[in-house]
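Asker: Provided herewith is a single structure, encoded as structure tokens, for subsequent inquiry.
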Amino acid sequence: MRPCIVCVPARDEAASLPALLAALERQAIDGPLRVLVLANNCSDGTADVARKAARRIALRVEEVTLASERANAGTARSLAMNAGVEWLREDGYADAVLISTDADTVPPPHWIAASLRAIEAGCDAVGGEIRLPDAPVPDWLRLTRARVARYWSAVRRLAESIDPVPHDPWPRHGDHTGASLALTLSAYVAAGGVPPIPTGEDNALVAAVERCGGRVRHDPDVWTAVSVREDGRAAGGMATEMRRWRMIAETGASHLVPDAGHWQSVLGRRRALRVAYAADPGLAPDCVNDIAYVARIEPTLPALLVREQEIGAATATLESLVA
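Shown next as structure tokens:
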């Protein structure tokens, strides 16, 4: 399999990082594993903890202090991934794989091997599913997570029936976050790297890969466990979503999501764009395939009406459409 490097932005992660490094040392792959930790704006000795915790991996720790206006998740991940690129190039690798994760994740032993297999099968990027840890978590969190997973599974089953994508077939999940995202060096460079934006840098990177025609796979064999802390490092990340779930659980508020009709409209439009491109690629000569065409054209179209519905009712309707 291709050589790879795991890139980890870490800000005050002395408590979490040893578990991640231990999990990386258990990865079932051949050859040495490179791990790049970008310790940014740390005050808890993250860098020293990382150096002491590493045993059977090739570890490089870079320490940086970012100005307040740049001290965000996007900039840190961009620096970490770019440092990973430089390390691979130093070692003479032009056909390698970059893997992003977070300092508070604990991936299973097959995580990297499964990611690399998906890329070897012909994909340019592979997103990993985000799962709760095996450790005890509050009942409200596990129940909410199960409801949300069932809803999104129904959405993806609908997508398979309306707008199937050959390189990302069912079964699949839908996550491609910085906690688990592998991509080829060539796809990363073509996409322009991680955009150094305050939040949402992972989704923006994947969108850029698709604008270049890159094939993104959501292989169900690729997953990682994340922490359940509600004081996350990135605004708008998993911690923010868990705080919202807690509020819903504690107040009894309705958990609203886009209804089935919305997804029928979204998926139908995407399918129409693919059909149009297949019929006449001259519509967009700068697009290398239908993936790039959809990724470039869809954001320029008028926003579709979003009708919301309680998650249980929305899920039931979606499941009835693909039964």
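Residue 251 in numbering that gives the first Met the number 0 is what sits at position 252 of the sequence shown, and the numbering runs on without skipping anything.
The C-beta atom is built at its ideal place from N, Cα and C for all residues, glycine as well.
As the structure is a computational prediction, the values presented were derived from the model and not from experiment.
#1: Taking the beta carbon of Glu-89 as the centre, do at least 16 other beta carbons fall within 10 Å, making it buried, or is it exposed?
#2: Use the C-beta contact count for Ser-42: other C-beta atoms within 10 angstroms, 16 or more gives buried, fewer gives exposed.
#3: Which residues does DSSP pair with Val-7 in a beta bridge?
#4: Once you ignore the five residues that flank Met-237 on each side, which residues in its own chain have a CB closer than 8 Å to its CB?
#5: Do Thr-104 and Thr-223 have their C-beta atoms closer together than 7 Å?
#6: Keeping to the same chain, check which residues put their C-beta closer than 7 Å to that of Leu-272; ignore five residues upstream and five downstream.
#7: Suppose contacts are defined by Cβ-Cβ distances below 7 Å. Is Leu-20 in contact with Ala-66 by that definition?
#8: Only counting the same chain, and skipping five residues up and downstream in sequence, which positions put a Cβ closer than 6 Å to that of Leu-78?
#9: How would you write the range of the beta strand (DSSP E) that Thr-104 sits in, first residue to last?
#10: Of the residues Pro-163, Ala-49, Ala-22, which one's Cα is nearest the Cα of Ala-267?
#11: So the alpha helix (DSSP H) Gly-17 belongs to, where does it begin and stop?
#12: Do Ser-114 and Ala-323 count as a contact pair if the criterion is CB distance below 7 Å?
#13: Tell whether a beta-carbon distance below 7 Å holds between Trp-244 and Val-154.
#14: Take Tyr-187 and list the residues in its own chain whose beta-carbon comes closer than 6 Å to its own, dropping the five residues that flank it on each side.
#15: For the putative contact between Gly-212 and Asn-288, defined by C-beta atoms under 8 Å, what is the C-beta separation to the nearest angstrom?
#16: Name the one or two DSSP bridge partners that Thr-223 has.
#17: Taking all protein chains shown into account, do 16 or more other C-beta atoms lie within 10 angstroms of the C-beta of Pro-8, making it buried, or fewer, making it exposed?
#18: Spatial neighbours of Leu-23 within its chain, please: C-beta separation below 7 Å, excluding the five flanking residues on both sides.
#19: Is Ile-111 helix, strand or coil by DSSP?
#20: Are the CB atoms of Ile-196 and Ala-83 within a distance shorter than 7 Å?
#21: Which residues in the same chain as His-254 place their Cβ atom closer than 6 Å to its Cβ, once the five residues preceding and following it in sequence are excluded?
#22: For Met-241 and Gly-251, I'd like the C-alpha separation in whole angstroms.
#23: Just to confirm, are Ala-117 and Arg-216 a CB contact at a threshold of 7 Å?
#24: Below 8 Å on the Cβ atoms is my contact criterion, and I expect Ala-46 with Glu-68 to pass it. Report the Cβ-Cβ distance as a whole number of Å.
#25: Would you mind reading off the limits of the beta strand (DSSP E) that contains Glu-309?
#26: Tell me the residue span of the beta strand (DSSP E) that contains Glu-61.
#27: How far does the alpha helix (DSSP H) with Ala-271 in it reach, from first residue to last?
#28: Going by the beta-carbon positions, is the gap between Asp-258 and Ala-313 smaller than 7 Å?
#29: DSSP puts Val-215 in a beta bridge; with which residues?
#30: First and last residue of the alpha helix (DSSP H) that includes Thr-45?
Answerer: Concretely, from the data shown:
#1: It counts as exposed.
#2: Around the Cβ of Ser-42, a 10 Å sphere holds fewer than 16 other Cβ atoms; the residue is exposed.
#3: Val-36.
#4: Sequence-distant partners of Met-237 (beyond 5 residues in either direction) whose C-beta falls short of 8 Å from its own C-beta, in its chain, are Ile-129, Thr-176, Ala-178, Val-225, Gly-231.
#5: Their beta carbons are under 7 Å apart, which means Thr-104 touches Thr-223 by this criterion.
#6: A distance below 7 Å between beta-carbons, with the five flanking residues on each side excluded, links Leu-272 to the following residues of its chain, in chain order: Tyr-292, Val-293, Ile-296, Glu-297.
#7: In this structure, Leu-20 lies away from Ala-66, with their beta-carbon atoms at least 7 Å apart.
#8: For Leu-78, same chain residues with a beta-carbon under 6 Å away, outside a window of 5 residues either side, are Leu-37 in chain order.
#9: Unbroken run through Thr-104: none, as it is neither H nor E.
#10: According to the sequence shown, residue 267 is Gly rather than Ala. It is Pro-163.
#11: Per the sequence shown, residue 17 should be read as Pro rather than Gly. Pro-17 -> alpha helix (DSSP H) spans 16-24.
#12: The structure shown does not extend to residue 323, since the chain spans only 0 to 322, so no value can be given for it.
#13: No.
#14: If we look at Tyr-187 and ignore the five residues flanking it on each side, its Cβ neighbours are Leu-97.
#15: Yes, they are in contact, since the Cβ atoms of Gly-212 and Asn-288 sit about 5 Å apart, within 8 Å.
#16: Beta-bridge analysis with DSSP links Thr-223 to Ile-129.
#17: The Cβ neighbour count for Pro-8, taken over all protein chains shown within 10 Å, is at least 16; the residue is labelled buried.
#18: Excluding positions up to five away in sequence, the list reads Val-5, Leu-32, Val-34, Ile-56.
#19: Residue state, collapsed to three classes: helix.
#20: Looking at the sequence shown, residue 83 is not Ala but Gly. For Gly-83 and Ile-196, no; Cβs fall outside 7 Å.
#21: Closer than 6 Å at Cβ, skipping near neighbours: Ile-247, Ile-310.
#22: When rounded, the distance between both Cα atoms is 15 Å.
#23: Cβ distance < 7 Å, so Ala-117 and Arg-216 count as in contact.
#24: Between Glu-68 and Ala-46 the Cβ distance is about 23 Å, and since that is not below 8 Å, they are no contact.
#25: For Glu-309, the enclosing beta strand (DSSP E) stretches over residues 307-309.
#26: Run containing Glu-61: 57-63, per the beta strand (DSSP E) assignment.
#27: Per DSSP, Ala-271 is one residue of the alpha helix (DSSP H) stretching across 259-278.
#28: Against a cut-off of 7 Å, the Cβ pair of Ala-313 and Asp-258 comes out as a contact.
#29: Paired residue(s): Ala-124.
#30: DSSP places Thr-45 in the uninterrupted alpha helix (DSSP H) bounded by 45-52.
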